[in-house]
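These protein sequence lines map, in sequence, to chains A and B. Those letters in the first sequence? Residues 184 to 971, by our numbering. Those letters in the second sequence? Residues 57 to 216, by our numbering.
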Amino acid sequence: MIQCKTSKEIGGMGHSMRRKEDARFIQGKGQYVDDIKLPEMLYMDIVRSPFAYAKITNINIEKAMALPGVLAVITGKDLEQYNLHWMPTLMSDTQMVLPVDTVMYQSQEVAAVIATERYIAADAVELVEVEYEPMQPVMDPYKAMEADAPVLRIDKEGKTDNHIWHWEAGDKEATDRIFDDAEVKVKEQMHIPRIHVASIETCGCVANYDKVNNHLTMYMTTQAPHAIRTVIALVAGHVGLTEEKVRVISPDIGGGFGGKVPVYPGYVIAIAASFLIGKPVKWIEDRSENLQADSFARDYHITAEMAGTKDGKILATRFKLLCDHGYTDAAANPSKFPTGLFSICTGSYDYGHSYAEADAVYTNKPPGGVAYRCSFRVTEAVHAIERITDCYAQEINKDPAQLRFDNFINKDQFPYKSALGWEYDSGDYHQGLQKAMEVVGYDDLRKEQAEKRARGELMGIGISTFTEIVGAGPSREFDILGIKMFDSAEIRVHPTGKAIARFGTKSQGQGHETTYAQIVAEELGIPAEHIQVEEGDTDTAPYGLGTYASRSTPTAGAAAAIASRKLREKAKKIAAYLLEVSEEDLEWEPGKFFVKGAPDKAKTIQEIVFAAYTNHPQGMEAGFEATHYYDPPNLTFPSGAYICVVDIDKETGEVKVRRFVAIDDCGHIINPMIVQGQVHGGLTQGLAPALYEELIYDEEGNILNGTFMDYLVPTAVESPSWETGHTVTPSPHHPIGAKGVGESPTVGAPPAIVNAVVDALSHLGVTHMEIPITAPKVWKILKEKGAL
Amino acid sequence: MGVPISVTVNGQHRESEVDSRTLLVQFIREELRLTGTHVGCDTSSCGACTIIMDGKAVKSCTVLAASANGSDITTIEGLAQNGELHPLQEGFKEEHGLQCGFCTPGMIMTAVQLLEDNPQPSEAEIRHGLEGNYCRCTGYHNIVKAIYHASRKYKEVSHG
Ligand code: FES
Ligand code: FES
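Structural data, given as structure tokens:
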């Protein structure tokens with residue numbers, strides 16, 4: 184249950200406070216990167232490769248340079264002079280900024296044009312003449328692993344194959360033994376296809392290098408401005424851009440979803456151009472460039488296996504992955520986790536053995552993949568476990584809900600050590616599924632399904648009961664390029680009792696300006712309305728690793744609570760001084776300290792803060808400010824129980840989601856309205872890959888759906904009306920008991936939908952469907968099975 | 057060669073000279089500096105650029121500025137009147153119909169026409185009316201509610 188300890192006026196945790204940021208967005212006053220226009224600003228546009236794999240034999244820039252308004256055409260050879268033609272990826276691989284002699288995927292950057300106007304830059308792109316010698320690309324990751332496959336990364340000395348890395352977790356031998364002896368074994372091959380975050384705002388920047396002061400201001404669409412500043416300093420320190428000379432500003436961001444974590448070549452070229460020319464340079468990618476060249480996610484080929492008893496006790500799981508990263512591993516995972524947090528794949532179930540292994544491979548596709556609204560590969564993990572659990576239920580002919588109840592980790596088993604080593608903090612999985620089944624009316628639906636089946640109609644019910652792992656993360660294991668994954672809050676309360684709070688994270692629509700204010704309001708009793716939240720400017724905000732992987736509430740949210748508590752300690756001292764009592768005699772209620780047993784002898788937080796500037800005890804530091812860098816002791820483990828009901832049109836094969844009930848458990852809730860909104864959005868981003876989205880390439884490496892005309896983002900018509908609810912199992916180690924929620928629905932929805940479709944077709948002998956489950960795919964199966 | 061155009065934008069008369077190929081959205085954003093109208097695609101798919109032109113919601117990335125000559129345009133910046141939010145702006149805030157806000161101006165402008173044509177739409181009618189507008193954040197659920205919210209306001213107003 185959500186309980187509010189604060190009044191509506193204060194607006195602390197649990198209040199569905201309307202968002203503070205909305206005033207500007209609904210009136211067209213948001214400030215996104217493309218809205219920035221600086222004096223003398225130039226525009227950059229990019230020449231891209233039509234081939235997936237080719238040698239560049241010549242680039243002729245003459246005609247482009249002759250066009251009035253064109254200032255420069257930058258090629259890889261130009262950048263090579265400054266040693267800026269390659270850059271490191273977050274996974275310690277290397278990525279071309281601009282190629283010197285070879286392109287590795289279709290739409291790769293080949294050269295950049297700088298001009299006085301956007302349209303002139305676009306014209307000049309057409310005038311740059313590039314001669315290519317096309318080669319046969321390697322598109323299939325399995326073929327890329329074969330011994331005679333051409334080696335793609337010949338830039339890497341001594342490289343003799345396309346293998347990137349191998350990863351494994353768990354006890355292989357013990358797991359194999361269980362499988363050898365198990366009564367029941369199920370195995371399924373699944374592909375989690377390459378998809379795209381497709382935030383409605385694309386990526387872009389304005390790089391503004393000031394020659395006189397040797398200072399760079401970089402406005403960019405980044406979810407992690409501080410990390411970017413450090414990366415810029417590390418890469419360009421040798422040309423004078425040391426860290427104090429770099430300011431990164433992340434303005435309003437039109438959706439990120441992990442796609443705005445990596446450093447794309449366009450940003451680097453814009454910086455180089457501004458540095459060389461001495462004027463601000465704007466680069467905004469268009470939608471097709473965005474879909475074709477960056478922010479791809481997933482692309483894991485998974486073999487999942489489960490071993491169990493005849494009556495439905497799970498004993499072990501095994502997972503084998505082939506991870507297609509394109510031509511370089513440009514994922515954005517914590518350094519020590521090449522497969523991200525895939526090892527959450529043991530799921531919500533209590534069993535002792537699991538083994539997972541992965542191999543990553545280079546192909547001629549765009550580099551990645553980003554953690555698209557997902558705590559680093561949790562989507563892939565949840566898909567695998569929730570699908571294979573259903574395969575097992577189907578194999579032994581047991582109701583998938585009952586099978587889950589029989590195998591859930593019990594609420595009194597927490598903290599629970601999973602077979603792959605994670606310590607789950609808390610959960611109540613039985614309660615969640617129970618609630619979802621009640622809301623959806625599970626038993627009645629099963630009856631309806633039986634009746635429909637008898638009439639030849641296709642209807643299915645699918646369940647997914649997932650456990651997430653978010654809030655990266657504890658510094659002993661989690662870092663990005665060596666920087667530990669803590670996050671921060673700095674709170675300054677002004678003399679009149681109003682505050683400004685700054686954070687190392689960066690909202691891209693999550694509503695931080697409201698929720699962080701609510702956390703501070705909860706802890707200090709200052710009305711949320713009077714707490715201004717700021718993020719995204721590295722000159723003012725404290726250092727932090729940014730917003731992705733549902734980490735903002737678990738890390739910066741915790742920092743906000745602890746910084747507030749530091750201030751409350753100070754407030755107590757001041758109150759004791761003002762009331763002339765000892766601190767032990769004071770009691771706190773949101774907004775004031777009062778003397779125990781004499782509630783009218785009280786000082787409000789506003790009076791106390793005023794005294795901190797006007798009448799503070801001798802010997803005490805004046806002012807009312809606190810900063811905290813929060814290093815989480817563990818990750819948090821949100822969970823959910825989702826039930827999806829689908830109807831399938833036999834004539835067309837079209838799958839219609841009739842109902843979708845999502846019961847989430849993200850611990851204590853800061854703002855129920857915002858949490859619910861996050862769940863709606865995430866569910867729709869789960870529906871998308873389940874039924875519609877996939878980036879498709881042909882054998883020549885051409886992308887077949889690289890525009891919004893053919894990459895099918897669901898609209899309001901495809902999206903159902905979502906039914907949401909929650910259970911509350913607080914995280915025991917988090918200061919406010921919160922867990923993070925943004926990604927649960929994206930992770931939990933796809934297997935629920937697939938399980939529903941397979942359930943609808945199970946009587947025909949269907950055990951698995953690959954996503955996206957498009958109408959033609961279903962129709963084909965119906966035809967094969969003679970069910971039309 | 058520049059083409060002279062004269063338009064009324066949010067009640068203000070504006071004269072300018074544009075390149076014959078300049079898109080209306082470019083003119084609105086760069087020339088008039090009304091940056092509430094956004095660009096989300098290059099294929100007329102997303103609707104982030106939707107404005108009201110002569111009473112109709114149009115995708116301003118699909119109209120040449122030159123062909124807008126003589127027209128009366130309303131953008132998101134012109135929707136609030138005398139400091140009072142439009143019922144749709146109110147509805148989006150009240151029902152949490154936005155997250156990142158990037159699609160929001162286009163959504164609201166599309167909804168202006170939707171309610172104009174059909175002041176009391178059903179859920180299905182609202183969803184169909186939004187077919188040309190993408191949102192990646194909200195899952196549309198609360199956008200539908202926001203428009204419904206505004207439609208009730210319209211009703212109150214028209215029934216005095
Ligand atoms: S920008 Fe006009 S429809 Fe996408
Ligand atoms: S609110 Fe972000 S795209 Fe709609």
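Just so you know, even glycine gets a beta-carbon here, dropped at the ideal spot from N, CA and C. In this text, all values refer to a predicted model and were calculated from it rather than measured experimentally.
Using DSSP with H/G/I as helix, E/B as strand and the rest coil, what is Asp589/A?
The count along the first sequence starts at 1 and reaches residue 589/A at position 406. Three-state result, Asp589/A: helix.
Any beta carbon of chain B sitting closer than 7 Å to that of Val389/A?
Translated into the one-based positions of the first sequence, residue 389/A becomes position 206. Not an interface residue.
Met287/A versus His851/A - alpha carbon distance
Locating residue 287/A in the first sequence gives position 104, where the first residue counts as 1. Locating residue 851/A in the first sequence gives position 668, where the first residue counts as 1. In this model, Met287/A and His851/A are separated by some 47 Å (Cα to Cα).
Consult DSSP for Met109/B and reduce its assignment to one of helix, strand or coil.
To locate residue 109/B, count along the second sequence from 1; it is residue 53. Strand.
Taking the alpha helix (DSSP H) that Asn938/A falls in, what are its first and last residues?
The residue given as residue 938/A occupies position 755 in the first sequence. Run containing Asn938/A: Ser927 to Leu944, per the alpha helix (DSSP H) assignment.
If contact is defined by three or more beta carbon pairs under 8 Å, each pair taking one atom from either stretch, is the segment 244 to 257 of chain A in contact with the segment 484 to 498 of chain A?
no
With a threshold of 6 Å (Cβ to nearest heavy atom), would Ala104/B be considered close to ligand 1?
Indexing the second sequence from 1 puts residue 104/B at position 48. Yes, the beta carbon of Ala104/B sits closer than 6 Å to at least one heavy atom of ligand 1.
State the CB to CB distance for the pair Ser822/A and Tyr612/A, rounded to an integer number of angstroms; the pair is presumed to be in contact (CB under 8 Å).
Locating residue 822/A in the first sequence gives position 639, counting from the first residue. Locating residue 612/A in the first sequence gives position 429, counting from the first residue. Going by Cβ atoms, the distance from Ser822/A to Tyr612/A rounds to 6 Å, so yes, they are a contact pair.
In the DSSP assignment, what residue or residues form a beta bridge with Gln715/A?
Position 532 of the first sequence holds residue 715/A. Ile683/A, per the DSSP bridge assignment.
Going by other Cβ atoms of all chains shown within 10 Å of its Cβ, with 16 needed for buried, is Ile879/A buried or exposed?
Walking along the first sequence from the start, residue 879/A turns up at place 696. The residue is exposed, with fewer than 16 neighbouring Cβ atoms inside 10 Å.
Counting Cβ pairs closer than 8 Å, one from the segment 742 to 752 of chain A and one from the segment 695 to 710 of chain A, do we hit at least three?
Contact holds: three or more Cβ-Cβ distances are below 8 Å.
What is the C-beta distance between Ala700/A and Lys203/A, in whole angstroms, given that I count them as a contact (C-beta under 8 Å)?
By 1-based counting over the first sequence, the position of residue 700/A is 517. By 1-based counting over the first sequence, the position of residue 203/A is 20. About 7 Å; that satisfies the 8 Å criterion.
Do Arg841/A and Val828/A have their beta-carbon atoms positioned less than 7 Å apart in this structure?
Position 645 of the first sequence, counted from the first residue, corresponds to residue 828/A. Position 658 of the first sequence, counted from the first residue, corresponds to residue 841/A. Contact flag set, yes.
C-beta atoms of Asp542/A and Leu505/A nearer than 7 Å
The residue you call residue 542/A lines up with position 359 of the first sequence. The residue you call residue 505/A lines up with position 322 of the first sequence. Cβ distance < 7 Å, so Asp542/A and Leu505/A count as in contact.
According to a CB-to-CB cut-off of less than 8 Å, which residues of the segment 117 to 142 of chain B neighbour chain A?
Thr131, Ile132, Glu133, Leu135, Ala136 and Leu141
Leaving aside the five residues before and after His69/B along the sequence, list all residues of the same chain whose C-beta is less than 6 Å from its C-beta, in chain order.
Counting from one through the second sequence, the residue named residue 69/B turns up at place 13. Excluding sequence neighbours, His69/B sits near nothing in its chain.
Find the nearest neighbour of Glu634/A within the set Ala943/A, Lys465/A and Asn885/A, judged by alpha-carbon distance.
The residue you call residue 634/A lines up with position 451 of the first sequence. By alpha-carbon distance to Glu634/A, the top candidate from Ala943/A, Lys465/A and Asn885/A is Ala943/A.
Give me, in chain order, the residues of the same chain whose beta-carbon lies closer than 6 Å to that of Pro324/A; leave out the 5 immediate sequence neighbours on both sides.
Against the first sequence, residue 324/A aligns to sequence position 141. So the list reads Leu505, Asp507, Val544 and Thr546, once near-sequence residues are dropped.
Chain B residues whose Cβ lies nearer than 9 Å to that of Trp905/A:
Against the first sequence, residue 905/A aligns to sequence position 722. Correct list: Gly195 and His197.
Assigned exposure category for Gln82/B - 16 Cβ within 10 Å defines buried
Counting from 1 along the second sequence, the entry for residue 82/B is found at position 26. Gln82/B is buried by the Cβ-count criterion.
Which first and last residues belong to the beta strand (DSSP E) in which Ile571/A is found?
Here the question's residue 571/A lines up with position 388 in the first sequence. Unbroken run through Ile571/A is the alpha helix (DSSP H), Val561 to Glu578; no beta strand (DSSP E).
6 Å Cβ shell around Val764/A - same chain, five flanking residues per side excluded
Sequence index remark: in the first sequence, residue 764/A carries index 581 (1-based). Answer for Val764/A: Val778, listed in chain order.
Sort Ile132/B, Gly67/B and Glu181/B by Cα distance to Met163/B and report the nearest one.
In the second sequence, the residue the question calls residue 163/B occupies position 107. Among Ile132/B, Gly67/B and Glu181/B, the Cα nearest to that of Met163/B is on Ile132/B.
So for Val764/A, helix, strand or coil by DSSP?
Here residue 764/A is taken as the residue at index 581 of the first sequence, counted from 1. Val764/A: coil per DSSP, three-state reduction.
Quick one: list the residues of chain B neighbouring His909/A, beta-carbon separation under 7 Å, in chain order.
Working through the first sequence from its first residue, we reach residue 909/A at position 726. What His909/A touches in chain B: nothing, since even the nearest Cβ is about 16 Å away.
Kindly identify the DSSP beta-bridge partner or partners of Tyr483/A.
If you number the first sequence from 1, residue 483/A lands on position 300. For Tyr483/A, which the question treats as bridged, DSSP gives the partners Ile375/A and Cys506/A.
Own chain, CB closer than 7 Å to Gln614/A, minus 5 neighbours either side, in chain order
Taking the first residue of the first sequence as 1, we reach residue 614/A at position 431. Taken in chain order, the residues that qualify are Thr910.
Please classify Gly216/B as buried or exposed, where buried requires at least 16 neighbouring CB atoms within 10 angstroms.
Looking up residue 216/B in the second sequence gives position 160. Residue placement at Gly216/B is poorly supported in this model, since its pLDDT is 42, which falls under 50; the coordinates still yield a value, given next. With a threshold of 16 other beta carbon atoms within 10 Å, Gly216/B falls short and is exposed.
Beta bridge counterpart(s) of Ile231/A as assigned by DSSP:
Locating residue 231/A in the first sequence gives position 48, counting from the first residue. For clarity, residue 231/A is Arg in the given sequence; the question names Ile instead. DSSP output for Arg231/A lists Glu292/A as bridge partner(s).
Counting only the same chain and skipping the five closest in sequence on each side, list residues whose C-beta sits under 8 Å from that of Ser658/A.
Counted from its first residue, the first sequence places residue 658/A at position 475. Answer for Ser658/A: Lys667, Met668, Phe669 and Asp814, listed in chain order.
Rounded to a whole number of angstroms, what is the C-alpha to C-alpha distance between Glu877/A and Ser747/A?
The residue given as residue 877/A occupies position 694 in the first sequence. The residue given as residue 747/A occupies position 564 in the first sequence. Cα-Cα distance, rounded: 45 Å.
Any heavy atom of ligand 2 closer than 6 Å to the beta-carbon of Cys117/B?
For this step, residue 117/B is matched to residue 61 along the second sequence. Outside the cutoff, so no.
Can you give me the C-alpha to C-alpha distance between Met127/A and Leu524/A, rounded to a whole angstrom?
Past the boundaries of the shown model lies residue 127/A; chain A is included only from 184 to 971, so the question cannot be answered.
What number of angstroms, rounded off, separates the C-alpha of Glu901/A from the C-alpha of His197/B?
In the first sequence, residue 901/A corresponds to position 718, counting from 1. In the second sequence, residue 197/B corresponds to position 141, counting from 1. Their backbone Cα atoms lie some 11 Å apart in a straight line.
Check the Cβ of Leu866/A against every Cβ in chain B and list those closer than 9 Å, keeping chain order.
As a position in the first sequence, residue 866/A is number 683, starting the count at 1. The contacting residues are Gly195 and His197.
DSSP beta-bridge partners of His811/A
The sequence position of residue 811/A within the first sequence is 628, counting from 1. His811/A pairs with Ala672/A.
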